[in-house]
Each structure stands twice: as C-alpha cells, then as structure tokens.
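Here's the structure, in structure tokens; my notes come after.
Number of protein chains: 2
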Amino acid sequence: MKKTPNVAILGATGAVGVEVLKTLERRNFPVRELTLLASGRSEGKTMEFRGRKLTVKAVTPSSFAGVDLAIFSAGATRSREFAPHAVKAGAIVVDNSSAFRMDPAVPLVVPEVNGADLLRHQGIVANPNCTAAILCVPLWPLHRAAKIRRIVVSTYQSASGAGAKAMAELESQTRDVLDGKPAKKEVFPHQIAFNVFSHNTKVAENGFNEEENKVIEETRKMFHEPELAICVTCIRVPVLRAHSESVVIETERELTPDEAREILSRAPGVKVVDDSARNYFPMPIEAGGIGEVLVGRLRKDPSSLRGLAMFVAGDQLLKGAALNAVQIAEMLLQR
Amino acid sequence: MKKTPNVAILGATGAVGVEVLKTLERRNFPVRELTLLASGRSEGKTMEFRGRKLTVKAVTPSSFAGVDLAIFSAGATRSREFAPHAVKAGAIVVDNSSAFRMDPAVPLVVPEVNGADLLRHQGIVANPNCTAAILCVPLWPLHRAAKIRRIVVSTYQSASGAGAKAMAELESQTRDVLDGKPAKKEVFPHQIAFNVFSHNTKVAENGFNEEENKVIEETRKMFHEPELAICVTCIRVPVLRAHSESVVIETERELTPDEAREILSRAPGVKVVDDSARNYFPMPIEAGGIGEVLVGRLRKDPSSLRGLAMFVAGDQLLKGAALNAVQIAEMLLQR
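Chains as they are written, first to last, in our numbering: chain F, 12 to 346; chain D, 12 to 346.
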C-alpha cells in the first residue's frame, strides 16, 4: 500500500464510523485524501477530520475509484454489496462486519493475536466481532504460555454494540423509566433500561445465538485452534459503550494467578487492573475511550484442575471495532 | 409452633423487611400479633399490615417476650446480638443475615431444596444468601436427576442486594449521569449507573470475594455436597431488584436440554422461560415481584462432555430473601 493512501470510510456516520475517523486522527494515520461514505440518508452531512470539514457522500459502486484503503462499518449487507467494487478498484478493504469473517480466503485479524495472517489477504481483511476481539487480546498470551483447553465466558455487553441508535435508546428509555413512563422499544426487542437480556440475535440450531456462535468460531479461527472448546453466554446490560466478560479458562499446563498476571502485564493491548485490597477491578466506565483491554480478578478456579478465572472489560467501539480496524490498516501500511 | 403465632420482624423498614411484611400479608400467613422492630433511627415510623397501622419500635434485648417467630433482616451484627435473646424468649428465629449460615448447628434452608433440614433446628434457621438461593432452586432438581459435578456461574446482581439505599443510589446516580453531572457515590464504592463492577465485598485469600464464597459454601451446605466444585464470579449491574445468573453445569449422567426443560417445568419454585423463536428468556424486570425463579437458554454446552448452560433470574428481595424466609416459617408452622 502507498505510504500515504487515499482512505474511504463506509458507514462514516455510524457509531463505529465516527470512532474510525477519530482514531485515524488520534493515531496520526497518514491519509492523502479521505472520502466519507454512507447510505443515502446521511448524504450531505458534514464531519470534521484534521480541522477540515468533509461532506458525506452516498455510496455507489463507483465510490472507490482511486481509494487505496477502505474501512467498512456499515453492516454485512452493505459489505457484501460494496466490498467487491472496492477490491476491483484496487483498494484493500478492512471490514468491520460479519460478512467475510469466516471466509477461509479472508484473514480475520487482531494484530496482537494473529497479525501474521494479514500477509495472505486477497483484498479483504475482516475485523472480528467485538466480543471475540476483546476476549482474544488477554487470552492469547495465556494461550501461548499454557495452551488453553477450554473457555467458559459470560458477557456484559453494552448498547453500543447495536449502534448509535441503541445507545440513544438506552438513555431515553432510562429517562422514561425514571419518570414512571413505559419504556419505548425501537432498537432492542426488550427493555434495556435497568434490565439485562439474552443477546438480541437469532438462536441457532445448536442453542447458541448468532453473537455467541461468532465468539466461538472467530476465536477458534484467530487462535488457529479449530476445535477449541468454548461455551459462551452473551447478555446485554444497560451500559453505554464497553463490553465486560467473565472468563474461566482451563489450560494444559498449570498457570498460577501470579504467573498469568505477570504475562498479562507484559502483553500488548492489555492493562492489568487487579487491586483486591481496594476492590478495584475492570469496569466498563473505565474501559470506555481507551485502547487497552482491562483484565483483573485473576484467581485460581478451584472447580477444575488447571482453571483460572478473570474479569475483562474493553471498549466495544475501539478495540472491539474502530481501533482494531485502524491497527490492521497500520500493519498493512508497514508491509 | 402455635398455629397463629406472635410474629416479630427485625429490620422491618429495610428493603427486605418491607417485603417480609408484604409477603406475610399476601400469603395469608397466620399472625396473632405483629411487632415491627428496627434500629433507633426508624423508631416511631408507621407501617401498614392488614389494614392496621403499626408503629416501629426500637429493638432491645427484651423486645422478644411473647414472640413465637422472629424474622431477622437487619444484618449480621444485629443478628448476632439479638438472636440469642429471641431464642431465650422462646422464639424461633428465621435469620436473613450471614451470621449463622455456616454454623453446623443451624439449618440453612431453601424449602424446595432441603426443607427436611428444618427438623433439626435449635431455635435458629438461616435463610441463604440471595444469589445462592436463586441458583439452588433450578439446580437442585437437575442435581437430583443427574448429579451435578461442577458449576460455573457469573452473576448479574441488582442494587437491591445492598438495600433500599443502594436502589435509591442507582436511581439518583442515573439521573445525574443523564444530566451530565458526576455520579455521587455513597453506598457503592464504584459508580453503578451505566456500569458493572465486581461485587463490593472483601476479597478473601482464595481470590474470591465474600459474596462468591457464600455462594460456594452455602450451595454445598444446602446440597449436602461439601466438595461440590463451584466457580463463581459476582458482578453488580444497574438493575433495581432481581438477580440474574449465567450458569454452566457438568453432570455425572448426561442431561439433554429437553430433559432438563422437562424436569424444570415440573420443579417447585421454577418457571421455564425459554422461547428461542421469540428470543424470549429470563429477564430481571420480569423476575422482579414474582416468587418463581425464571430459567431458560437451556442448551448443551459443547465445551464439556456432559455440560448444560442456562440463564436464570430471580427476585433478590423475594426468593432471595423475604419469600424464602416466609416459606421457612410456613414449614415451621406445619411441623
């Protein structure tokens, strides 16, 4: 890729798109020309990048002429429709949707985990599901050290995972409930204010919902462990933008909490927050807005032979989406 | 016990005490005279029971003269102080606090699980920790059917577990955060509005906090399984009054989801809410105010040989406290 590429963002006005723009700016990503693309509804909106006002254009098949790098975050349907046009125009697509993640020809990458997989891309690189990405960052160094045999994870997922409208719904519903009014449901099928519910994706034949199956399949793909044993329960909680995860692993070699803490304190993309004396551990309000995945509550799981329990929190919009996409783009630039 | 006992409630004005009063009324529990007791701070407050206004008295060692049944929900310190006086006065104490739960001489009872243990009481019966009670109701019939070997549970605990003030703090903090003001922390050590955090109890030597160790030890005691393997992570979520739990079990005999669903549909105190087609599963807003523990998301855990995953929600103030205490009292009346 050119050292200073022409960049396009598809879905620029969405919750993730906004964060992609901010992340490119914050990380001084070299950009020659930036094209902001979205559906017709957002055409004509303006957004700021490095002090310049840019106008959002409606995406068409010919939007990608001259584009070197296209970051897609407009959902799987749009990705399937427009990625082939972008690739044909010569762009590399970093896709935030689920459209291509399990395609064997498409690398699915968290740079800290399997950056080397980028080398074999054929025009499209997939950005993983947010819950999978946040899970993999702290688990990968533990897997390298002691080989993880089994993962049991229960999530505490924020509204941001369902987009900007879902975040607004959490706020407006909360106001309504506090005022004694009924909670208006538009984005989520169930009340999100002062409630938790099983993730709002279709439940598959195996009893797991789509979100859970993504976590299982994508973690296996990134770890290059097609048989890795994973049980996951995805739950929405009334939090705005960071996901938390309660994780129990079993390893082939025993890993003490101290050893795990030591490994994690050196691991890229991870911040250990594990202060039992002060009862201070990872929390979504502190994970929001930062790039690192917080990990703590590291303790021996007494219920299995070589078990380790922990609690994790990571920004769904950053490491779970925009930041990881920009990190992928940075690796593409270097190679 | 007399067929129509004199009843005292200690901690009558607290979140649980209020529910004990309502539950006695709702379930037509026979009461000759009701004495409402609390700390000096609540002295003189009035509360209604069966259309009569009752005045709350400050508890003293002599408050229990003539009392046949005393339901305590004023914390472990007060239980340790006043239970001996109540027992000496001839009352049976049903204690909601942790003070006597692990005392080998004190039965710890969820009627649906180990009601028979009541027979050996010596004046005090302990009501379990709310999270343990809610967990045990659906797991006990599965344990009886297939012998549970291991439990991995992550909780989504409501503010009510920390009392009425904590519920008020969740509401006031939420208003403040929505208005862009800082969240005032008085009850909880961390912001509860739009956040989740590790349960605010002291972390013990084994890395588990007090709440988690209660779940482990009390479940073992009620199940009469002193070695039962349990890993638990207790997390607070911004929900007002019902606890939810993501549970994965391993059983000695294989239990299919269908068989588990069938067993649970006949189990006392349980309501199966498990409609994958409608994406409708247990939620705390629906578990609040009802006596049954909701259970659903029943599915095979593919990560272990004989694993089963599920999601549970139960009213922390009812089955987790007041209702269970009144059910214990009802069993005492019958015996």
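Cβ atoms here follow ideal geometry from the backbone N, Cα and C, with glycine treated the same way.
Item                                                                                                                                                                    : Value
Spatial neighbours of F:Ala-278 within its chain, please: CB distance less than 6 Å, with the 5 preceding and 5 following residues excluded, ordered by chain position. : Pro-152
How many Å lie between D:Val-31 and D:Met-233 at the Cα?                                                                                                                : 22 Å
Check whether the Cβ atoms of D:Gly-325 and D:Ala-253 sit closer than 8 Å, and answer yes or no.                                                                        : yes
Whole angstroms is fine: what's the gap from F:Asn-217's alpha carbon to F:Ile-227's?                                                                                   : 12 Å
Using DSSP bridges, identify the partner residues of D:Arg-231.                                                                                                         : Per DSSP, none; premise fails for D:Arg-231.
What's the C-alpha gap between F:Leu-45 and F:Gln-202?                                                                                                                  : 39 Å
8 Å is my cut-off, CB to CB: does D:Asp-269 come that close to chain F?                                                                                                 : no
I want to verify the contact list: residues of chain F whose CB lies under 8 Å from the CB of D:Ala-143, in sequence order.                                             : Chain F residues near D:Ala-143: none, gap ~15 Å exceeds 8 Å.
Quick one: complete alpha helix (DSSP H) runs, 4+ long, within the region 78-134 of chain D?                                                                            : 87-99 and 122-125
In its own chain, which residues sit with a C-beta less than 6 Å from the C-beta of D:Ser-315, not counting the 5 before and 5 after it?                                : Glu-261
In chain order, what residues of the same chain have a beta carbon less than 6 Å from the beta carbon of D:Ile-301, not counting five sequence neighbours either side?  : none
Taking DSSP as the reference, what is the three-state secondary structure of D:Thr-262?                                                                                 : strand
Out of curiosity, what's the CA-to-CA distance linking F:Ile-145 and F:Gln-327?                                                                                         : 8 Å
Could you run through the region 230-250 of chain F and flag, in chain order, every residue whose CB is less than 8 Å away from some CB of chain D?                     : Ala-240, Ile-241, Cys-242, Thr-244, Ile-246, Val-248, Pro-249 and Val-250
F:Gly-174 CB to nearest chain B CB: under 8 Å?                                                                                                                          : No chain B appears in this structure, whose protein chains are F and D.
Output the distance between the C-alpha atoms of D:Lys-33 and D:Phe-60, rounded to the nearest integer angstrom.                                                        : 8 Å
State the start and end residues of the unbroken beta strand (DSSP E) segment that holds D:Asp-326.                                                                     : 318-326
Sort out for me which residues DSSP pairs F:His-254 with in a bridge.                                                                                                   : F:Gly-325
Got a sec: is the Cβ-Cβ distance from F:Ser-165 to anything in chain D below 8 Å?                                                                                       : yes
Chain F partners of D:Glu-182, CB-CB under 8 Å?                                                                                                                         : Leu-189
Bridge partners of F:Asp-269, per DSSP?                                                                                                                                 : Note: F:Asp-269 sits in no beta bridge, so no partner.
DSSP on D:Val-31, reduced to helix/strand/coil?                                                                                                                         : helix
Is it the case that the Cβ atoms of D:Leu-266 and D:Ala-156 are separated by a distance below 8 Å?                                                                      : yes
Grab me the residues of D:Val-337's own chain with a C-beta within less than 7 Å of its C-beta, minus the 5 sequence neighbours each way, in chain order.               : Val-31, Thr-34, Leu-35, Arg-38 and Phe-40
Starting from F:Ile-203, follow the beta strand (DSSP E) in both directions and report where the run begins and ends.                                                   : Counting along the chain, F:Ile-203 falls outside any beta strand (DSSP E), and DSSP gives it neither H nor E.
In the DSSP assignment, find the unbroken beta strand (DSSP E) run with F:Ala-240 in it and report its ends.                                                            : 240-244
Relative to the C-alpha of D:Ile-339, which residue among D:Pro-139, D:Pro-72 and D:Phe-205 is closest?                                                                 : D:Pro-139
Does the Cβ-Cβ distance between F:Pro-16 and F:Leu-80 come in under 8 Å?                                                                                                : yes
Kindly list, in the order they appear in chain F, the residues whose Cβ is closer than 8 Å to that of D:Phe-208.                                                        : Phe-292 and Met-294
If we ignore side chains and look at the alpha-carbon of each, how far apart do D:Phe-76 and D:Arg-63 end up?                                                           : Here the sequence assigns Ala to residue 76 of chain D, which means Phe is not the residue at that position. Distance between the alpha carbons of D:Ala-76 and D:Arg-63: 22 Å.
Check whether the region 208-217 of chain F and the region 280-298 of chain D are in contact - that is, three or more C-beta pairs closer than 8 Å.                     : yes
Tell me the rounded alpha-carbon separation between D:Pro-95 and D:Gly-101.                                                                                             : 10 Å
Taking the alpha-carbon of D:Leu-309 as reference, which of D:Ala-298, D:Asn-290 and D:Glu-303 has the nearest alpha-carbon?                                            : D:Asn-290
Expressed to the nearest angstrom, what Euclidean distance is found between the alpha-carbon atoms of D:Val-105 and D:Ile-82?                                           : 5 Å
What is the C-beta distance between D:Phe-199 and D:Ala-173, in whole angstroms, given that I count them as a contact (C-beta under 8 Å)?                               : 7 Å
Give the DSSP-derived three-state secondary structure of F:Glu-54 in the structure shown.                                                                               : coil
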